[in-house]
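Protein sequence lines, in the order shown, are assigned to chains Y and P.
Residue numbers for the first sequence, in the UniProt record's numbering: 1 to 282.
Residue numbers for the second sequence, in the UniProt record's numbering: 1 to 282.
Note that CB positions come from ideal geometry on N, CA and C, so glycine has one too.
Written below as structure tokens is the structure these notes are about.
Protein chains: 2
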Amino acid sequence: MKIPLQLSFPLVIESSALRHCSGCSMRQICLPAGLNQHDMRRLDQIIVRKKIAKDSYLYRIGDKFTALYAVRIGHFKTYQENFIGNRQINGFQMSGDLLGMDAISNLLHQCDAVALDDSEVCVIPYSRLEALFTELPILMRHFHRIMSQEIIGEQNMIMILGNMYAEQRFAAFLINLSRRYATRGYSPIRFQLRMTREDIGNYLGLTMESISRMIAKLRKGRLIEIVQRDVEILDLTALNKLAAGIDIIETSPISICIKSAATEAADNYLLSQPVQQQHHLI
Amino acid sequence: MKIPLQLSFPLVIESSALRHCSGCSMRQICLPAGLNQHDMRRLDQIIVRKKIAKDSYLYRIGDKFTALYAVRIGHFKTYQENFIGNRQINGFQMSGDLLGMDAISNLLHQCDAVALDDSEVCVIPYSRLEALFTELPILMRHFHRIMSQEIIGEQNMIMILGNMYAEQRFAAFLINLSRRYATRGYSPIRFQLRMTREDIGNYLGLTMESISRMIAKLRKGRLIEIVQRDVEILDLTALNKLAAGIDIIETSPISICIKSAATEAADNYLLSQPVQQQHHLI
DNA sequence: CGCGGACTTGAGCGAATTCAAGGACCGTGG
DNA sequence: CCACGGTCCTTGAATTCGCTCAAGTCCGCG
Numbered sequence: 001m002k003i004p005l006q007l008s009f010p011l012v013i014e015s016s017a018l019r020h021c022s023g024c025s026m027r028q029i030c031l032p033a034g035l036n037q038h039d040m041r042r043l044d045q046i047i048v049r050k051k052i053a054k055d056s057y058l059y060r061i062g063d064k065f066t067a068l069y070a071v072r073i074g075h076f077k078t079y080q081e082n083f084i085g086n087r088q089i090n091g092f093q094m095s096g097d098l099l100g101m102d103a104i105s106n107l108l109h110q111c112d113a114v115a116l117d118d119s120e121v122c123v124i125p126y127s128r129l130e131a132l133f134t135e136l137p138i139l140m141r142h143f144h145r146i147m148s149q150e151i152i153g154e155q156n157m158i159m160i161l162g163n164m165y166a167e168q169r170f171a172a173f174l175i176n177l178s179r180r181y182a183t184r185g186y187s188p189i190r191f192q193l194r195m196t197r198e199d200i201g202n203y204l205g206l207t208m209e210s211i212s213r214m215i216a217k218l219r220k221g222r223l224i225e226i227v228q229r230d231v232e233i234l235d236l237t238a239l240n241k242l243a244a245g246i247d248i249i250e251t252s253p254i255s256i257c258i259k260s261a262a263t264e265a266a267d268n269y270l271l272s273q274p275v276q277q278q279h280h281l282i
Numbered sequence: 001m002k003i004p005l006q007l008s009f010p011l012v013i014e015s016s017a018l019r020h021c022s023g024c025s026m027r028q029i030c031l032p033a034g035l036n037q038h039d040m041r042r043l044d045q046i047i048v049r050k051k052i053a054k055d056s057y058l059y060r061i062g063d064k065f066t067a068l069y070a071v072r073i074g075h076f077k078t079y080q081e082n083f084i085g086n087r088q089i090n091g092f093q094m095s096g097d098l099l100g101m102d103a104i105s106n107l108l109h110q111c112d113a114v115a116l117d118d119s120e121v122c123v124i125p126y127s128r129l130e131a132l133f134t135e136l137p138i139l140m141r142h143f144h145r146i147m148s149q150e151i152i153g154e155q156n157m158i159m160i161l162g163n164m165y166a167e168q169r170f171a172a173f174l175i176n177l178s179r180r181y182a183t184r185g186y187s188p189i190r191f192q193l194r195m196t197r198e199d200i201g202n203y204l205g206l207t208m209e210s211i212s213r214m215i216a217k218l219r220k221g222r223l224i225e226i227v228q229r230d231v232e233i234l235d236l237t238a239l240n241k242l243a244a245g246i247d248i249i250e251t252s253p254i255s256i257c258i259k260s261a262a263t264e265a266a267d268n269y270l271l272s273q274p275v276q277q278q279h280h281l282i
């Protein structure tokens, strides 16, 4: 049987293995981490993939919860909305991250999830997943670790919003992205922001203008270089200290300098943090 | 066999049933919710109780994680600490609340948990609990709902810290306590604060002084009455609107009045929120 | 080339903080 | 019984960090 050329194309690039967890580059970060080939195939059987175009919704607040989603390609943001229409971005998700766990308790989605890029997700029907847990305890255990990690991520966010200055917040934000890209095999010092300044500000409890000012400050301090949305981290050590509240960038009339504090420990502290964060800072 | 009188006392008040989930007044809120008698007994078998004196630690940051804890009697606070020693309170836990879920992923506790009262907890060994999940899917499902609820609670906290004014934060705090006490069968309009103003401020990303000022403001507005730590909510409707950002208390030179906004919807919105929150606002 | 969205920068303002002083309450010990 | 010290809380005045408002720049795109 011959398949028309224009149809064969997607079939060719997505060979059998590539269409499944075992062929996915995120398998060590994502839900199937730790599963053997056989068990991974069990998980594969309940998953389908779905493309989400840039700026369109993966799900919306109030939607019925049927599945979790693992980001395969692209980026998302999730936000809540309060009664008077204010939005608060909860997180930015990238490949390997799991979305929708906040919907498990009420069976309704609590957030909007919007694609920042043209993206692709794995749809994981939740009832079937829970059924699998009974048969695959390793999968269950890893799922619990992922939910726990989500809680830790949000606690870090609470620390940032409750305790840190604008400068520290923004530094922590960059460090978080850096770590997460590193975990995924990308450069920790060169990456692209996928969100607007407005989104960053909203996420960090600041305004767009404040983000702009913080960028200017860190650039003048020669900690980072940012052109448009292309980020280069020039001094990760200093950035870590800044986020930790150990150093402060001082603005003088003539030049900007970094107060070099004694404690090298700050680096160790910040760098020793688990790298496998989900979509929150530090 | 005779038991000396002074030993018999605790044995008498804790009859067989009372020492177990089936005899616990929190069983519909806590982990065993939804289990039948038989399954509840299975859970009972892995649980032991433990008393924690006021101001002492249930666990500390870095402690090895072996068990989750369910509050039976009393109150706790949990806080993180950052590198330079700043603390951030993550939540206040009361009876029926589960502590320690953030430790599942790293097998190390991420917070300090301190008793605010003389308290008692149920110690739930985690490895045995996970083993039970395979046999009791209902228990597993409820556990997932609890973790999801924890995530929602923290997202609400993020909304509060990222988007709300001091006044709104404090109102949301009171409403949250009110709801949680109501769920537990206590008065939603009269209760005692178990924590200092400093703790409240820390939790809400404010200072003790600001909390004091917000109390004064709400008292003058006749929304609440607070003497020491005894709270009486005089106008829950107005408090809800305040937290939602619909009304604002206006301070005039002569008197204080509440701008009465049209939208009664605010009440419905706020009151329709799930009551079963864990230890976070709204 | 002109338009619009995203971003930057400056000036003034305001909410909450910091600093400071004082008050209320509680347990302890004389 | 009251004085004493400590902790917790309140209140006022000055300060500050980040916000609001406003103007202007940059860049991609039709």
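Interface partners of residue i on chain P, CB under 7 Å
{"i": "M101 of chain Y", "result": "S148, I151"}
Whole-angstrom distance between residue j and residue i, CA atom to CA atom
{"i": "R19 of chain Y", "j": "F92 of chain Y", "result": "25 Å"}
{"i": "K217 of chain Y", "j": "H142 of chain P", "result": "48 Å"}
{"i": "L108 of chain P", "j": "I151 of chain Y", "result": "14 Å"}
{"i": "R190 of chain P", "j": "V227 of chain P", "result": "11 Å"}
{"i": "residue 286 of chain P", "j": "G96 of chain P", "result": "Within the shown structure, residues of chain P are numbered from 1 to 282, placing residue 286 of chain P beyond reach of any answer."}
{"i": "L174 of chain P", "j": "N163 of chain P", "result": "17 Å"}
{"i": "N86 of chain Y", "j": "A53 of chain P", "result": "42 Å"}
{"i": "A131 of chain P", "j": "C21 of chain P", "result": "19 Å"}
{"i": "I124 of chain P", "j": "Q45 of chain P", "result": "10 Å"}
{"i": "M101 of chain Y", "j": "L223 of chain P", "result": "36 Å"}
{"i": "A115 of chain P", "j": "M94 of chain P", "result": "10 Å"}
{"i": "F81 of chain Y", "j": "H38 of chain P", "result": "Contrary to the premise, residue 81 of chain Y reads as Glu rather than Phe in this sequence. Roughly 42 Å between the two C-alpha positions."}
{"i": "S212 of chain P", "j": "T66 of chain P", "result": "39 Å"}
{"i": "A182 of chain P", "j": "I246 of chain P", "result": "24 Å"}
{"i": "residue 308 of chain Y", "j": "G221 of chain Y", "result": "Residue 308 of chain Y lies beyond the range of chain Y shown here (1 to 282); nothing can be said about it."}
{"i": "S260 of chain Y", "j": "I160 of chain Y", "result": "In this prediction, S260 of chain Y scores a pLDDT of 40, lower than 50, which makes its location untrustworthy; the coordinate-derived value is nonetheless stated afterwards. The alpha-carbon atoms of S260 of chain Y and I160 of chain Y are separated by roughly 23 Å."}
{"i": "Y186 of chain Y", "j": "H75 of chain P", "result": "45 Å"}
{"i": "A166 of chain P", "j": "I233 of chain P", "result": "18 Å"}
{"i": "L204 of chain P", "j": "I61 of chain Y", "result": "25 Å"}
{"i": "S219 of chain P", "j": "A171 of chain P", "result": "It is worth fixing the name first, because residue 219 of chain P is Arg in this sequence and not Ser. Roughly 12 Å between the two C-alpha positions."}
{"i": "A238 of chain Y", "j": "Q192 of chain P", "result": "45 Å"}
{"i": "I256 of chain Y", "j": "S210 of chain P", "result": "No answer about I256 of chain Y holds up, because its pLDDT of 38 lies below 50 and its placement is not dependable."}
{"i": "N36 of chain P", "j": "C30 of chain P", "result": "14 Å"}
Closer than 7 Å at the beta carbon, the chain Y residues around residue i
{"i": "S105 of chain P", "result": "R145, S148, Q149, I152"}
{"i": "residue 318 of chain P", "result": "Residue 318 of chain P cannot be examined here, being either before or after the span of chain P that is shown, 1 to 282."}
Beta-carbon spacing of residue i, residue j below 8 Å
{"i": "P188 of chain P", "j": "R179 of chain P", "result": "yes"}
{"i": "I84 of chain Y", "j": "A244 of chain P", "result": "yes"}
{"i": "E198 of chain P", "j": "M208 of chain P", "result": "yes"}
{"i": "M147 of chain P", "j": "M157 of chain Y", "result": "no"}
{"i": "L242 of chain P", "j": "Q168 of chain P", "result": "yes"}
{"i": "Y79 of chain Y", "j": "D112 of chain Y", "result": "yes"}
{"i": "S105 of chain P", "j": "Q149 of chain Y", "result": "yes"}
{"i": "Q155 of chain Y", "j": "E154 of chain P", "result": "yes"}
{"i": "V121 of chain P", "j": "K77 of chain P", "result": "no"}
{"i": "L136 of chain Y", "j": "R229 of chain Y", "result": "no"}
{"i": "M40 of chain Y", "j": "F133 of chain P", "result": "no"}
Under 9 Å by beta carbon: chain P residues contacting residue i
{"i": "A244 of chain Y", "result": "N82, F83, I84"}
Proximal residues of chain P, C-beta to C-beta of residue i below 8 Å
{"i": "G205 of chain Y", "result": "L161, G162, N163"}
{"i": "Q110 of chain Y", "result": "I152, Q155"}
| said: Contact between the stretch 21–36 of chain Y and the stretch 53–72 of chain Y is defined here as three or more beta-carbon pairs at a separation below 8 Å; is this criterion met? | reply: yes
| message | Residues of the stretch 153–168 of chain Y in Cβ contact with chain P at a cutoff of 7 Å, in chain order, please. | response | E154, Q155, M157, I158, M159, L161, G162, N163
| query | Of the residues that make up the stretch 128–145 of chain Y, which ones have a beta carbon closer than 7 Å to any beta carbon in chain P? | reply | E130, F133, T134, P137, M140, R141, H144, R145
| query | Which of the residues in the stretch 27–46 of chain Y, read from start to end, lie with their CB under 7 Å from any CB of chain P? | reply | Against chain P - using a Cβ distance shorter than 7 Å - the stretch 27–46 of chain Y contributes no residues.
| said: Under 8 Å, CB to CB, which of the residues in the stretch 86–100 of chain Y have a partner in chain P? | reply: N86, Q88, N90
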